[in-house]
Amino acid sequence: MKQDENTTITTLPEHGLCFVCGQQNPNGMGITWYTRPDDQHGLVLFSDFAFTLTQQGPPGHAHGGASAAVLDEAMGAVCWQTGLQVLLANLNLDYHLPVPLGTTMRLEAWVDRVAGRKAFAKSHLLLPTGETAVSGTGLYIHSPALFDGSRFSVLHGKQPKE
Numbered sequence: 146m147k148q149d150e151n152t153t154i155t156t157l158p159e160h161g162l163c164f165v166c167g168q169q170n171p172n173g174m175g176i177t178w179y180t181r182p183d184d185q186h187g188l189v190l191f192s193d194f195a196f197t198l199t200q201q202g203p204p205g206h207a208h209g210g211a212s213a214a215v216l217d218e219a220m221g222a223v224c225w226q227t228g229l230q231v232l233l234a235n236l237n238l239d240y241h242l243p244v245p246l247g248t249t250m251r252l253e254a255w256v257d258r259v260a261g262r263k264a265f266a267k268s269h270l271l272l273p274t275g276e277t278a279v280s281g282t283g284l285y286i287h288s289p290a291l292f293d294g295s296r297f298s299v300l301h302g303k304q305p306k307e
């Protein structure tokens with residue numbers, strides 16, 4: 146996906162030992178997340194990355210659980226970026242096409258709607274052709290009390306008020 150030169154892209158902080166985005170986890174994926182404003186969705190979280198042999202399921206292809214992990218992480222992170230301190234309650238995925246190893250994919254996630262404490266997010270993992278390999282929806286529950294004083298809250302500017 147091409148970005149307009151005037152589009153504001155923000156790099157999100159990594160989360161230490163997180164399996165998906167932590168740079169300090171020797172077994173992690175080390176994905177870097179970015180956000181950009183979007184006319185349709187308000188804010189879109191995205192990353193371009195490739196699955197490696199560490200995430201292999203069927204020969205030459207990513208394990209479905211690895212795809213699930215990155216879509217969950219992306220949807221949860223975009224909720225946080227919109228000010229919601231959430232935990233996953235329900236994750237639904239549709240696997241449309243095999244996900245090859247070593248191929249740069251584009252993952253995008255956005256908040257579809259918010260109803261009270263419930264945040265409904267959507268995501269998709271795109272092949273270089275633009276075809277959707279995996280799509281997902283998630284129900285996330287805003288639970289700020291669970292994160293008071295946590296490192297995660299501090300990284301996202303959600304320190305408890307004194």
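Basically my numbering = 1-based index in the sequence shown + 145. Heads up, the beta-carbon is just placed ideally off N, CA and C, and yes, glycines get one too.
Nearest residue (CA-CA) to residue i, options the options
i, options, result
"leucine 380", "Ser192, Arg258 and Trp255", "Here the chain covers residues 146 to 307 and nothing more, so residue 380 does not appear."
"serine 268", "Ser212, Thr155 and Glu159", "Ser212"
"glycine 210", "Met174, Leu162 and Glu276", "Met174"
"tryptophan 225", "Gly247, Pro171, Ile154 and Phe292", "Phe292"
"alanine 278", "Val244, Arg262, Ala260 and Arg258", "Val244"
"asparagine 237", "Thr155, Gly281 and Ile154", "Gly281"
"aspartate 239", "Leu270, Asn172 and Phe265", "Leu270"
Residues that residue i bridges to, as DSSP identifies them
i, result
"histidine 287", "Val231"
"alanine 207", "Gln201"
"valine 253", "Per the sequence shown, the amino acid found at residue 253 is glutamate instead of valine. Partner(s): Phe191 and His269."
"arginine 181", "Val189"
"alanine 219", "In DSSP, alanine 219 forms no bridge with anything."
"leucine 236", "Gly283"
"proline 245", "His206"
Cut-off 6 Å between Cβ atoms - residues of its own chain near residue i, not counting five sequence neighbours on either side
i, result
"valine 189", "Arg181, Asp183, Glu253 and Trp255"
"phenylalanine 194", "Ile176"
"histidine 208", "Gln200 and Gly202"
"lysine 147", "Caution applies to lysine 147, whose pLDDT of 45 falls short of 50 and renders its modelled position unreliable; the value that the coordinates give is listed next. Same-chain partners within the cutoff: there are none."
"glutamine 169", "Gly161 and Leu162"
Alpha-carbon to alpha-carbon, residue j and residue i
i, j, result
"alanine 214", "threonine 249", "17 Å"
"arginine 251", "alanine 290", "33 Å"
"leucine 216", "cysteine 163", "14 Å"
"threonine 152", "glutamine 185", "14 Å"
"lysine 263", "glycine 221", "12 Å"
"threonine 155", "valine 223", "12 Å"
"glutamate 218", "cysteine 166", "8 Å"
"alanine 266", "asparagine 172", "27 Å"
"arginine 258", "glutamate 159", "25 Å"
"phenylalanine 196", "threonine 274", "16 Å"
Neighbourhood of residue i by C-beta distance below 8 Å, restricted to the same chain and skipping five residues each side
i, result
"glutamate 276", "His241 and Leu242"
"glycine 187", "Thr227, Trp255 and Val256"
"lysine 306", "Reliability of the predicted coordinates at lysine 306 is poor, the pLDDT of 39 falling under 50, and the value obtained from them is presented with this limitation in mind. Excluding positions up to five away in sequence, the list is empty."
"leucine 157", "Cys166, Thr177, Trp178, Tyr179, Thr180, Leu190, Ala222 and Gln226"
Own chain, CB closer than 7 Å to residue i, minus 5 neighbours either side, in chain order
i, result
"glycine 205", "Pro245 and Leu246"
Does the region 196-212 come close enough to the region 176-185 to have 3 or more Cβ pairs within less than 8 Å?
no
Kindly confirm or deny that the region 228-239 and the region 274-288 touch, where touching means at least three C-beta pairs closer than 8 Å.
yes
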